[in-house]
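Asks: In the working numbering, the protein residues as written are 217 to 330.
#1: Along the chain, where does the alpha helix (DSSP H) that runs through residue 225 open and close?
#2: Shorter than 8 Å, the distance from the beta carbon of residue 228 to the closest heavy atom of the ligand MN, or not?
#3: Are the Cβ atoms of residue 311 and residue 299 separated by less than 9 Å?
#4: Within a Cβ cutoff of 7 Å, which residues of the same chain sit near residue 270, ignoring the five residues on either side of it in sequence?
#5: Once you ignore the five residues that flank residue 319 on each side, which residues in its own chain have a CB closer than 7 Å to its CB?
If you want it as structure tokens, here you go:
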């Protein structure tokens, strides 16, 4: 049952990343996108807690957050310009670490890092 709920919720999270193709104003900023994801996970968690008391909610939240982070990092990697990629000092692992830290900070604090 938890697998089904996680997969259904992933569809909702994926839609957050595809919303741009319909309207450039929707969830255009990373901060708003991450906050929306957190809200989506929290709201769906309430449903899971109310309707499926036998489901391990920690696993549910962890899987959805990990999935959202993966989509966010994929989006960030796609946004790296060819010019930046071709720079001799370019290091994809540094970019990935920065993107992950940024996502986690915004997710937890609901604000941009200083």
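C-beta: ideal position from N, C-alpha, C; glycine also.
Replies: With the structure as the only source:
#1: It spans 218-234 - the alpha helix (DSSP H) in which residue 225 sits, taken as one unbroken run.
#2: The ligand MN is not part of this structure, which contains no ligands at all.
#3: no
#4: Here the set comprises nothing.
#5: 250, 285, 288
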